[in-house]
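Notes for the one structure printed next.
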Amino acid sequence: SRASARPRVEGGAAMGSYRPLEPRVFHGSAAAGSAGGPPAATWINLGLWAAPSQGYAGACRAMASAVGAAAELGAKDRVLDVGCGCGDSLALWRSDFHVASVLGVNVTATEVDLARQRCAGMANVEVEHAEALQFARSFRASTARPGFDKVLCVDALYHVNTRREFLAALSAKPGPFADNAQRRRFAAIDTLGSRDVLAAHEIGQPGAGSTAFWRAPLRVTALALIGMCSGIPLENLLYSSIGLKHLIALPEDGAAEMVSCEVVTKRVFTPFASHMIREAWRALWKDHDPARALQLAGAAGFMRLMAASGLVQVAVYAIDFH
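Sequential numbering of the sequence shown, starting at 14, is according to the working numbering.
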């Protein structure tokens with residue numbers, strides 16, 4: 014969903030065609046920061062907008078806060094933030110939710126560097142350069158690394174190849190969650206399909222893509238195009254939040270439970286597109302940067318198309334693993 018602002022490809026196959034984000038595309042000259050220091054503004058999610066005129070940083074902060082609220086973060090929580098961007102969310106978990114510790118994981122080296130700069134000097138905040146699925150599969154809670162009480166993902170899980178495999182890795186014992194975690198909760202704001210093309214038991218099975226295509230050829234073709242433009246594996250768009258609820262309840266996938274879910278699509282794509290249009294005009298008339306203006310306008314058009322198509326939804330949800 015943010016691919017229109019991604020200039021190059023980085024990361025392994027597990028991230029599909031994810032492209033690193035450029036904060037300047039979203040923030041303009043404000044992202045330059047002071048010499049030798051981190052950029053002044055580095056939020057790079059789509060934002061959860063209360064009004065189209067809301068400031069971008071405020072909308073991004075609201076999106077992250079919605080995930081923190083869904084997770085019911087508390088002062089004793091050890092938090093893993095998957096796809097932590099440039100570190101703004103890591104600071105938020107500590108400053109606003111007062112969690113005990115945070116580990117941020119990100120596949121993009123440039124964003125990891127910015128996150129480390131932003132969080133330098135913060136107690137109990139660390140950042141690792143790693144791909145989400147590989148990290149979840151390889152991490153084993155132990156005495157040396159006790160694991161986490163809550164795992165969070167703000168506007169990034171749809172890039173993981175695949176969501177189903179990542180959630181299965183979270184359910185593993187031993188795995189990322191601490192053995193003594195009182196509540197093994199995962200919370201995310203995520204982009205999914207708006208309709209279930211596949212039943213829960215069909216997702217991830219051999220030939221599932223062909224089954225989906227013959228069942229809804231026009232829809233699947235359109236979703237495949239969205240996925241190619243956005244760096245989203247097609248499988249992640251073939252089911253909705255309702256399909257996800259059924260998927261995680263399957264015994265072979267860890268018998269987890271979706272404890273909350275809110276669809277917030279109208280508060281994401283269209284207002285973000287309006288923000289990008291405003292930034293495009295600013296880039297053209299104030300910064301005299303027609304190349305960036307064209308990039309921003311293209312991103313805005315893609316977001317409006319996503320909203321108008323009705324093919325995808327954005328949902329904030331929380332899952333408890335048993």
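Ideal placement from N, C-alpha and C gives every residue a C-beta, glycine not left out.
Legend entry - Three-way DSSP call (helix, strand, coil) for isoleucine 245 in this model: Looking up residue 245 in the sequence shown gives position 232. In this structure, isoleucine 245 counts as coil in the three-state DSSP scheme.
Inset, instruction - Go through the region 89-135 residue by residue and report every complete run of the alpha helix (DSSP H) that reaches 4 residues or more, in order. - result: As for any alpha helix (DSSP H) of minimum length 4 sitting wholly inside the region 89-135, the runs are 101-108, 122-132, ordered along the chain.
Legend entry - Delimiting residues of the alpha helix (DSSP H) encompassing glutamine 308: Start at 1 with the first residue of the sequence shown, and residue 308 comes out as number 295. Start and end: 303-322.
Inset, instruction - Determine the contact status of isoleucine 332 and glutamate 275, defining contact as a CB-CB distance below 9 Å. - result: By one-based count along the sequence shown, residue 332 stands at place 319. By one-based count along the sequence shown, residue 275 stands at place 262. For isoleucine 332 and glutamate 275, no; Cβs fall outside 9 Å.
Inset, instruction - Using a threshold of 9 Å, state whether the C-beta atoms of isoleucine 202 and asparagine 58 are closer than that. - result: On the sequence shown, residue 202 is found 189 positions in, with the first residue counted as 1. On the sequence shown, residue 58 is found 45 positions in, with the first residue counted as 1. Yes, these two residues count as a Cβ contact at 9 Å.
Inset, instruction - Count the C-beta pairs between the region 240-253 and the region 277-291 that are closer than 8 Å, then say yes if the count reaches three, no if not. - result: Flag = no, the region 240-253 and the region 277-291 do not touch.
Inset, instruction - Return the chain-ordered list of same chain residues with a C-beta closer than 7 Å to the C-beta of serine 102, the five sequence neighbours on each side being excluded. - result: The residue you call residue 102 lines up with position 89 of the sequence shown. So the qualifying residues of the chain are Ala77, Asp94, Val167.
Inset, instruction - Hey, could you find the ends of the alpha helix (DSSP H) lysine 299 is sitting in? - result: Here residue 299 refers to the residue found at position 286 when the sequence shown is read from its first residue. Counted as a single uninterrupted DSSP element, the stretch harbouring lysine 299 is not any alpha helix (DSSP H), since DSSP gives it neither H nor E.
Legend entry - Assumed close pair cysteine 73, glycine 87 - CB separation to whole angstroms, cut-off 8 Å: On the sequence shown, residue 73 is found 60 positions in, with the first residue counted as 1. On the sequence shown, residue 87 is found 74 positions in, with the first residue counted as 1. With 8 Å as the limit, cysteine 73 and glycine 87 do not qualify as a contact, their Cβ atoms being about 23 Å apart.
Legend entry - Endpoints, the alpha helix (DSSP H) within which alanine 83 is located: Numbered from 1 along the sequence shown, position 70 holds the residue referred to as residue 83. Counting along the chain, the unbroken alpha helix (DSSP H) around alanine 83 starts and ends at 69-84.
Inset, instruction - Specify the secondary structure class of phenylalanine 226 as computed by DSSP and reduced to three states. - result: Position 213 of the sequence shown holds residue 226. Shown here, phenylalanine 226 sits in a helix according to DSSP, grouped into three states.
Inset, instruction - Indicate the three-state DSSP secondary structure (helix, strand or coil) for glycine 206 in the structure shown. - result: Against the sequence shown, residue 206 aligns to sequence position 193. In the three-state reduction of the DSSP assignment, glycine 206 falls in the strand class, which pools E and B.
Legend entry - CA nearest to the CA of alanine 157, picked from Ala191, Pro230, Val210: Counted from its first residue, the sequence shown places residue 157 at position 144. Checked all of Ala191, Pro230, Val210; the closest Cα to alanine 157 is Ala191.
Inset, instruction - Can you give me the start and stop residues for the alpha helix (DSSP H) that lysine 258 sits inside? - result: If you number the sequence shown from 1, residue 258 lands on position 245. Lysine 258: member of the alpha helix (DSSP H) spanning 254-261, first to last residue.
Inset, instruction - Along the beta strand (DSSP E) that carries glutamate 144, what are the first and last residues, could you check? - result: In the sequence shown, the residue the question calls residue 144 occupies position 131. It is not in any beta strand (DSSP E) - glutamate 144 carries neither H nor E in the DSSP assignment.
Inset, instruction - Quick one: grab the DSSP three-state call for lysine 163. - result: As a first step, residue 163 must be located in the sequence shown, where it is residue number 150. In the three-state DSSP reduction, lysine 163 falls in the strand class (E or B).
Legend entry - Nearest-angstrom Cα separation, counted from aspartate 126 out to phenylalanine 110: The count along the sequence shown starts at 1 and reaches residue 110 at position 97. The count along the sequence shown starts at 1 and reaches residue 126 at position 113. So the alpha carbons of these two residues sit roughly 24 Å apart.
Legend entry - Host alpha helix (DSSP H) of phenylalanine 179 (start-end): Within the sequence shown, the letter at position 166 stands for residue 179. Following the DSSP letters along the chain, one finds phenylalanine 179 inside the alpha helix (DSSP H) bounded by residues 176-184.
Inset, instruction - Label glutamine 326 either buried or exposed according to how many other C-beta atoms from any shown protein chain fall within 10 Å of its C-beta, with 16 as the threshold for buried. - result: As a position in the sequence shown, residue 326 is number 313, starting the count at 1. By the 10 Å Cβ count, glutamine 326 comes out buried.
Inset, instruction - Leaving out five residues on either side along the sequence, give the residues of the same chain with a beta carbon under 7 Å from the beta carbon of serine 138. - result: Here the question's residue 138 lines up with position 125 in the sequence shown. For the record, residue 138 in the displayed sequence is valine; it is not serine. The residues Leu103, Arg107, Val115, Cys132, in chain order, have a CB closer than 7 Å to that of valine 138 in the same chain once the five nearest residues on each side in sequence are set aside.
Legend entry - Own chain partners of methionine 319 with C-beta closer than 8 Å, once the 5 adjacent residues on each side are dropped: Along the sequence shown, one-based indexing puts residue 319 at 306. If you ignore the 5 residues before and after methionine 319, its C-beta comes within less than 8 Å of the C-beta of Ser14, Ile239, Phe282, Val325, all in its own chain and listed in chain order.
Legend entry - Environment of alanine 312 [buried if 16+ CB atoms lie within 10 Å]: Here the question's residue 312 lines up with position 299 in the sequence shown. Burial call: buried.
Legend entry - Closest Cα partner of tyrosine 194 within the set Leu231, Pro284, Arg177, Ser155: For the purposes of this step, residue 194 is taken as the residue at position 181 of the sequence shown. Sequence inspection shows alanine at residue 194; the tyrosine mentioned does not correspond to that position. It is Ser155.
Legend entry - Contact belief for valine 120 with glutamate 144 at Cβ below 8 Å, rounded distance in angstroms: Against the sequence shown, residue 120 aligns to sequence position 107. Against the sequence shown, residue 144 aligns to sequence position 131. Rounded, the Cβ-Cβ distance is 5 Å, consistent with contact.
Legend entry - Residues bridged to tyrosine 171 [DSSP beta-bridge criterion]: What you label residue 171 is simply residue 158 of the sequence shown in a count that begins at 1. None; tyrosine 171 has no bridge partner.
Legend entry - Backbone secondary structure at alanine 44 - three-state DSSP: One-based indexing of the sequence shown puts residue 44 at position 31. With a pLDDT of 47 at alanine 44, under the threshold of 50, the predicted position of this residue should be treated as unreliable, though the coordinate-derived value follows. Residue state, collapsed to three classes: helix.
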